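In terms of this note's numbering, the sequence shown is residues 301 to 727.
Quick reminder that beta carbons are idealized off the backbone N, C-alpha and C, glycines included.
Every value quoted in this text rests on a predicted model; they were computed, and no experiment measured them.
Encoded as structure tokens, the structure appears first; notes follow it.
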Amino acid sequence: MLSLRPGVPGGRVDHPLEGKKVYIPPMAYGSGRAFAAVFRAIGVDADIVPPSDERTREIGARYTSGDECYPAKVTIGDFMKLLQTSDIDPDRLLLFMPTADGPCRFGQYAPYLRRILTASGYEQTEILSPTSYNSYHGLGELAGPFVRTGWRALLAADILQKLLLHYRPHEVVKGSIDAVYEECLADLCASIENAPTKPPLQLRAIRDSLVRCRDRFRAVPIRRDPSMPLIGVVGEIFCRLNTFSNEDLVRRLEEYGGEAWLSDITEWVWYTNAENFRKLRLTGRLISKDGLVAWIRQRVQRRDEHVLLEPFREEFSDCKEPDIYEVIECARPYLPNDGAMGEMVLNVGKAIYLAKRGADGIIDISPFTCMNGIVSEAVYPKISRDLGGIPIRNFYFDGTQSDLDRDLGVYIELARSYQRRKQFQRG
Ligand code: SF4
């Protein structure tokens, strides 16, 4: 029997990552930290990559050709900066780089990083790219606990981020909500790391942590302004969630008097589940062992989500996340059936869902040259017309943003103007 924790009496730590230190790229700050806690929970030393800064861009540009998408440049810049500045032996470092198949360039990130590492003299530094397609290769017996705990950590981190954006625009004392968020994140990470590994006990520990966090947020003085424009934020997952890449667009939007409803990470997990079922149906394998495994996995995920979200009914009563099939249905009239997939479906579908839930505007955050942003931008004018003129604006990022403040200032005025005549009310 494999012991998951070092120091467990009589236990052993003979897993494939023994002696390694895993570094997680901070796509979203909170989820990155929670994910590092997941590794530590299964007995693997892990941390989030140090914060991105100007050197990230500089180093990223040195190791890339300029044709790659912006998230690749930022991630590679962060990893290479870590290798150049860390005093940890590169043999011990394990860079966490998830992967996926499909037309998007994301699937190329891990092999591309491998080439750069080898060419730069870091042959001994390994990359960890566990996916369901390779049965979480590299994790050995840790795969089961990793997947289950990872899902719960993602859910919990998304909930904390939603709380942050729900409260921060209305805080009375500037900085008070950020401070509480940091406290809550530390509480959550400690709970993930130290919770018993038995699934029901672990779920209860994470839920208890979230309830403590909810009460901390509730205790902070706020002054809620019901006329504050609500802006739905969709777009490419990395650029949308990585505050360095998008130049902290959401915080700056708040400074202009807006509140953001930001699409989270778990949306992508629900979408990949839906895609999996679609492919099983297409290939006549819905009633098969694969179909049964997918169905059971989804049921377990839904149950976890229900348990963790339940204490937040009051907070999220007017900003409930949709069922993924509702998002897909919203996008259907605007994109070719079965021809369009991935982030463009989510961006378009979620923009419509958010507009119908009373959003006063939609912002799409995408890396410059990303096809998902370009396709979505092409259909937004029609969506805007169909929904009474809701302002939908693409913001592209490549590290050379010109005048985000001026653009946001103009945009928020458009949202206020739409707010006065919109047909869908909030809540
Ligand atoms: S969605 Fe766009 S920016 Fe993101 S990895 Fe794919 S191609 Fe690159």
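Query                                                                                                                                : Result
Exposure label - residue 647; buried when at least 16 CB within 10 Å                                                                 : buried
Cα-Cα separation between residue 613 and residue 607, rounded to whole angstroms                                                     : 11 angstroms
Whole-Å CB distance - residue 660 paired with residue 531, under 8 angstroms assumed                                                 : 7 angstroms
Residue 633, DSSP secondary structure in three states                                                                                : helix
Contact check, residue 359 vs residue 330, beta carbons under 9 angstroms                                                            : no
Alpha-carbon to alpha-carbon, residue 673 and residue 363                                                                            : 25 angstroms
Extent of the continuous alpha helix (DSSP H) to which residue 499 belongs                                                           : 499–519
Cβ contact (3+ pairs, closer than 8 angstroms) linking the stretch 688–703 and the stretch 557–571                                   : no
The stretch 322–337 in contact with the stretch 456–463 per 3-pair CB rule at 8 angstroms                                            : yes
contact_flag[the stretch 365–381, the stretch 335–343] where n(CB pairs < 8 angstroms) is 3 or more                                  : no
Rounded straight-line distance, which links the Cα of residue 716 to that of residue 641                                             : 32 angstroms
The ligand SF4 heavy atom lying under 8 angstroms from the CB of residue 571                                                         : no
CB of residue 454 within 9 angstroms of CB of residue 428, strictly                                                                  : no
Check whether residue 534 and residue 550 have beta carbons under 9 angstroms apart                                                  : no
beta-carbon residue 328 near the ligand ADP non-hydrogen atom, thresh 8 angstroms                                                    : Ligands displayed in this structure: the ligand SF4; the ligand ADP is not among them.
Distance cut-off 8 angstroms: residue 372 Cβ against heavy atoms of the ligand SF4                                                   : yes
Residue 689: CB within 8 angstroms of a non-hydrogen atom of the ligand SF4                                                          : no
Per DSSP, cross-strand counterpart(s) of residue 667                                                                                 : 697
Residue 632 versus 645, 513, 369, residue with shortest Cα-Cα distance                                                               : 645
Residue 422 in three-state terms, based on DSSP                                                                                      : coil
Which of helix, strand or coil DSSP assigns to residue 472                                                                           : coil
Near the ligand SF4: residue 724 beta-carbon under 8 angstroms from a heavy atom                                                     : no
Closest residue to residue 678 among 636, 518, 497, 657 (Cα-Cα distance)                                                             : 636
Segments assigned alpha helix (DSSP H), at least 4 residues, entirely inside the stretch 597–648                                     : 624–631
Contact test: residue 517 Cβ vs the ligand SF4 heavy atom, cutoff 8 angstroms                                                        : no
Residue 507 and residue 611 closer than 9 angstroms at C-beta                                                                        : yes
Terminal residues of the alpha helix (DSSP H) in which residue 372 lies                                                              : 370–385
Residues of its chain near residue 605, where Cβ-Cβ distance is below 6 angstroms and the 5 sequence neighbours each way are ignored : 455
Whether residue 382 touches residue 338 by CB criterion (9 angstroms)                                                                : no
Secondary structure of residue 682, DSSP reduced to three states                                                                     : helix
Cutoff 8 angstroms; reference residue 722; Cβ partners in own chain excluding five residues on either side                           : 658, 660, 688, 690
Environment of residue 472 [buried if 16+ CB atoms lie within 10 Å]                                                                  : exposed
Helix, strand or coil at residue 538 according to DSSP, with G and I counted as helix                                                : helix
Contact under 9 angstroms by Cβ, residue 757 with residue 667                                                                        : A query on residue 757 cannot be resolved here, the shown segment of the chain reaching from 301 to 727 and no further.
Closest residue to residue 322 among 539, 386, 478, 676 (Cα-Cα distance)                                                             : 386
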